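I have placed the structure first, in the form of structure tokens, so that the comments after it can refer back to it.
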Amino acid sequence: MKHVSLLLLTTALTFGAAQAQNEMDAYRYSKNDLTGTARSVSMGGAFGALGGDISGVSINPAGIGVYQTSEIVTTLNFQNSKVQTEMNAGKVDESKFKVNFDNLAFVSVFPIFDNDVVRSINIGFSYNRLKNFDRKYKAVGKNLSYAMGDYMADRSNNNGVSSQNLDLFDSNNSFRDIWRNQDWLSVLGYNSGMIHEDAQGYYPASDGLVANNDLFVEEKGSISTYDFNVGTTFSDIVSVGATLSLTDINYRLYSSYIEDYMENNSFWGGQEIQNWMRTDGTGWQVTAGVIVKPIQELRIGVAYHSPTWYNMTDYFAANLDSKFRDGTGASIGSFSEPNSNSGEDAIFDYKMRTPDKWTLSLASVIGGKAIISADYELTNYANNMKLFDDRGNALTTGTGDPNAYIKNDFRNASTIRVGAEYRITDQFSARVGYSWMQSPFKNEVIDFPGDHEVVTDSRAATQYVLDGTTNYFTYGMGYRFSRHFYTDIAFVMKSQKDDLYAFTGADKTTFKTNNFQGLLTLGYRF
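Count the sequence shown with mature numbering (1 follows the signal peptide of the UniProt record, and there is no 0) and you get residues -20 to -1, 1 to 506, in order.
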């Protein structure tokens, strides 16, 4: 048996369109979690019509106009994330615990007007963690109906890849940096012996064999935003506000995909593909909103969140190790590891636009002791989530137009948040809430995945998750120690059932997420 290793590490180069980003990358950075202060989260995040809370300001900037006193507030988040996958080889559980610093905010009230129409101008600054990427998961399967070698061959055939463009060495036996313009998966598969070519095209070396697999993925990082808010209230009836947000993305990925091939119940060969990726991005967004109080007991809020415009950079590398033997024990595949220059990660610069969204909110304050609130949010994934090259032109790749795939696979998605608070005493309040997030994928993409190719043409990391509906169940309480100092706590249970695929056409893996969070907020008003 001969060990065949292909290490795909390059010098610091800006990659061409063959290694461009895809629809799943765009979605990863467009969807946010339920985050915020403990008070807001314990009410399901339904704070768009209430204001007076920094999380409510992030939903509807008009909420800053509701403030009557200045405030400093911060929140800690204790999170345990559990992922369970299930294929025909059984269930696998993975969990991860982490403590996050979710927000820090300062709001200042400037009573610069001495009249009953406009009493103050309120200004705020806040740091907010919008999303936490930290999770890891593992999936194992057996007797696969469609293996990685099949996918490599089909992908190379569908893309019309010439084997002459996949050779790592030219006629003078000099190393060629072909990864800049060729699909990494085709390069890896061809040079490691995973796929071969005949007159009919590419075919897998494992054709006709029984395949078992093992997938492991670990993700780290977060999306954070720095918000600058300004707002006021007119005649104690209409509050208006605007926010300029500067957003930061920090994402890390490691993945390992292993397949073993069996012939007559004995090991015939196998392969492992490893991927490393780091993504850094910065962006900006503008949000504006209004809250109207037609009567003392009713609040109505409307807010618009513009798309976030990002400048993104990916750093990535991949490695494939393969082992083969034929029936006589001779080796199959003869490629040995190349002498790659400095071994630095490949680099890809691009731009991205996240979807915009509208938020409509209603809240009722009952007798000064109870609050009932609800938000409805509509996110425009299909039409406004787009990818661009580093010059701002619509992105195209070796496998097509990723923006067309976005339009074909995504739809507008709704989010509903409801919450309630009851003041038991002047100091103590109890809260409960619920949030429902609709999957942004079209029904036919989830129900008939074989008819809809989900493009993951960047790098050699082919796994993807089709998110299902997300449910958040929340509750908490708050205590006011004095008119200045207060604390809130919240507990969050997140439940989500998704579909995981190691690559397009692979057997489906059931992917269940159950997260439990505890939030602690400390605040001081003056």
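Backbone N, C-alpha and C fix where the C-beta goes; we use that ideal spot for every residue, glycine too. Predicted model, so just to flag it, every value in this text is computed and none were measured.
Candidates the options, of which the one nearest residue i by Cα
i, options, result
"D301", "S246, E252, Y481", "E252"
"A441", "T501, S394, E401, F196", "F196"
"I100", "G121, A127, D194, G45", "Strictly speaking, residue 100 in this sequence is Ser, with Ile absent from that position. Taking only the C-alpha atoms, the option nearest S100 is G45."
"N423", "L446, M292, E277, T405", "L446"
"R19", "N83, N68, A6", "N83"
"G372", "R258, L226, M292, G121", "M292"
"F471", "A42, N57, D13, K488", "N57"
"N102", "A185, Y481, V220", "V220"
"Q59", "K474, D478, F105", "K474"
"A486", "Y452, W248, K122", "K122"
"K349", "A343, D406, Y385", "D406"
"N2", "N383, D468, Y241", "N383"
"T449", "L342, A297, W256, F421", "F421"
"G36", "T54, S22, T55, G16", "G16"
"G261", "G249, T227, T267", "T227"
"I327", "A298, F90, V345, F304", "A298"
Residue i - DSSP class collapsed to helix/strand/coil
i, result
"A42", "helix"
"V472", "strand"
"N139", "coil"
"I101", "strand"
"N112", "strand"
"R463", "coil"
"N95", "coil"
"L168", "helix"
"residue 535", "Residue 535 is absent from the structure shown; the chain starts at -20 and stops at 506."
"I217", "coil"
"M332", "strand"
"G129", "helix"
"K488", "coil"
"K273", "coil"
"N291", "strand"
"A362", "helix"
"A441", "coil"
"K303", "strand"
Bridge-paired residues (DSSP) for residue i
i, result
"K118", "F196"
"E357", "T339, T395"
"Y9", "According to DSSP, Y9 bridges with nothing at all."
"Y182", "E177"
"Y234", "E198, W256"
"R279", "A343"
"T493", "V63, Q476"
"L14", "According to DSSP, which records beta bridges pairwise, L14 is partnered with nothing at all."
"R505", "E51"
"F483", "In DSSP, F483 forms no bridge with anything."
"G458", "S409, D468"
**OP:** Could you tell me which uninterrupted beta strand (DSSP E) segments, each at least 3 residues in length, are contained entirely in the stretch 17 to 89, listed from first to last along the chain?
**Re:** If we require 3 residues or more, the beta strand (DSSP E) runs fully inside the stretch 17 to 89 come out as 51 to 67.
Subject >> the stretch 364 to 376 / the stretch 332 to 344 touching (three or more Cβ pairs under 8 Å) >> reply: With the cut-off at 8 Å, the stretch 364 to 376 and the stretch 332 to 344 touch.
Original post:
Counting only runs that start and end within the stretch 236 to 268, where is the alpha helix (DSSP H) found for 4 or more residues in a row?
Top reply: Those alpha helix (DSSP H) runs which fall completely within the stretch 236 to 268 and span 4+ residues do not exist here.
Subject >> Contact between the stretch 341 to 353 and the stretch 397 to 409 (3+ Cβ pairs under 8 Å) >> reply: By the Cβ rule, the stretch 341 to 353 counts as touching the stretch 397 to 409, because three or more pairs are nearer than 8 Å.
Original post:
Does the stretch 225 to 239 touch the stretch 197 to 213, meaning 3 or more C-beta pairs lie closer than 8 Å?
Top reply: A contact between stretches requires three or more CB pairs, one per stretch, nearer than 8 Å, and the stretch 197 to 213 meets this requirement with the stretch 225 to 239.
Original post:
Between the stretch 57 to 66 and the stretch 477 to 497, do three or more beta carbon pairs fall short of 8 Å?
Top reply: As far as the Cβ criterion goes, the stretch 57 to 66 touches the stretch 477 to 497, which means the pair count is three or higher.
Original post:
Just checking, does the stretch 451 to 458 make contact with the stretch 403 to 423 on the three C-beta pairs under 8 Å criterion?
Top reply: Cβ pair count under 8 Å is three or more, so yes.
Subject >> alpha helix (DSSP H) segments (min. 4 residues) lying fully within the stretch 402 to 430 >> reply: Here the runs fully enclosed are 423 to 427.
Original post:
Hey, is the stretch 22 to 33 in contact with the stretch 272 to 287, meaning 3+ C-beta pairs nearer than 8 Å?
Top reply: Yes, since at least three Cβ pairs between the stretch 22 to 33 and the stretch 272 to 287 fall closer than 8 Å, the two stretches touch.
Original post:
Quick one: any contact between the stretch 211 to 219 and the stretch 115 to 126, if contact means 3 or more CB pairs under 8 Å?
Top reply: A contact between stretches requires three or more CB pairs, one per stretch, nearer than 8 Å, and the stretch 211 to 219 fails this requirement with the stretch 115 to 126.
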